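Chemist: Mind having a look at this structure? Questions to follow.
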Amino acid sequence: MIRIRPYALSDAPSLFEAVRESIDTMSAWLPWCHEGYSFEESEVWVKSQVQAFKEGSEYAFVILSESERFLGGCGLNALDLANARANLGYWVRASARGQGIATEATRLLIQWAFQNTPFHRLEILAATGNGASLRVAEKVGGHREGLLRDRIRVRDQVQDGVLFSVLRTDPRAL
Ligand SMILES: CC(C)(COP(=O)(O)OP(=O)(O)OC[C@H]1O[C@@H](n2cnc3c(N)ncnc32)[C@H](O)[C@@H]1OP(=O)(O)O)[C@@H](O)C(=O)NCCC(=O)NCCS
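Residue 26 is where the sequence shown starts when you use the numbering used here, and the numbers rise one by one after that.
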């Protein structure tokens with residue numbers, strides 16, 4: 026059993042530790058995660074996300090185990106209120122992968138989003154080479170809409186991305 030909750034200012038040390046152990050396997054897919062990632066970056070980011078959540082400009086969540094271990098993060102960003110649409114993202118620390126955590130956290134986030142925001146459509150965009158992320162998008166019931174050419178930066182190149190959507194009206198959405 027896992028749970029998700031919004032970030033608190035006290036999460037910076039756990040976030041930093043989880044990111045640091047994941048850099049080798051995460052930096053290709055998430056540009057903010059880089060070799061020199063510092064504690065200060067964790068602090069600044071957590072602070073900005075606590076504020077953004079309050080303002081409703083982004084919704085970032087911590088993923089926690091039953092014993093409150095920091096397992097990773099997920100959230101809604103690139104909010105497009107005019108079209109009731111948001112991007113949904115996720116990551117799991119290297120030592121906790123392959124146990125269904127991203128899938129479960131994403132399901133919880135989808136439920137939260139449709140219960141607490143006006144969004145009608147959530148989008149998941151994964152690079153064609155990111156097999157684990159593509160699989161998570163499929164497992165949560167994402168509808169595979171198509172291949173977007175040169176859509177995602179992966180290290181120093183742009184690559185094709187696969188776009189998935191989950192709608193409020195999808196049978197498995199709530
Ligand atoms: C993508 C990520 C979040 C998955 O986290 P996770 O907790 O391990 O995910 P889950 O265990 O819920 O599911 C992973 C699925 O991908 C599969 N998988 C793992 N590596 C894979 C690969 N290289 N190719 C294809 N499938 C793969 C697993 O077998 C599993 O599917 P299954 O349940 O059918 O066996 C994690 O790998 C991660 O943090 N990656 C780096 C950040 C990232 O890429 N985020 C997404 C950006 S779009």
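Note that CB positions come from ideal geometry on N, CA and C, so glycine has one too. Because the structure is a prediction, the values reported are computed rather than measured.
My understanding is that residue 72 touches residue 34, with C-beta atoms under 8 angstroms, so please give their C-beta distance in whole angstroms.
Modeler: Translated into the one-based positions of the sequence shown, residue 72 becomes position 47. Translated into the one-based positions of the sequence shown, residue 34 becomes position 9. Right, the Cβ-Cβ distance comes to about 7 angstroms (below 8 angstroms), so this counts as a contact.
Chemist: Report all residues from its chain with a CB closer than 7 angstroms to the CB of residue 55; omit the five preceding and five following residues, and keep chain order.
Modeler: Within the sequence shown, the letter at position 30 stands for residue 55. Around residue 55: 116.
Chemist: Do residue 63 and residue 40 have their beta-carbon atoms positioned less than 8 angstroms apart in this structure?
Modeler: Numbered from its first residue, the sequence shown carries residue 40 at position 15. Numbered from its first residue, the sequence shown carries residue 63 at position 38. Taking 8 angstroms as the Cβ cut-off, residue 40 and residue 63 do not qualify as a contacting pair.
Chemist: Taking DSSP as the reference, what is the three-state secondary structure of residue 200?
Modeler: Beyond the ends of the chain as shown, which are 26 and 199, falls residue 200; an answer cannot be given.
Chemist: Would DSSP call residue 136 helix, strand or coil?
Modeler: Your numbering for residue 136 matches position 111 in the sequence shown. In the structure shown, residue 136 sits in a helix (DSSP, three-state: H, G or I).
Chemist: Where does residue 185 sit, in a helix, a strand or coil, going by DSSP?
Modeler: As a first step, residue 185 is located in the sequence shown; it is residue number 160 there, counting from the start. Reduced to three states, the DSSP call for residue 185 is strand.
Chemist: So for residue 191, helix, strand or coil by DSSP?
Modeler: Taking the first residue of the sequence shown as 1, we reach residue 191 at position 166. DSSP places residue 191 in strand when its eight states are reduced to three.
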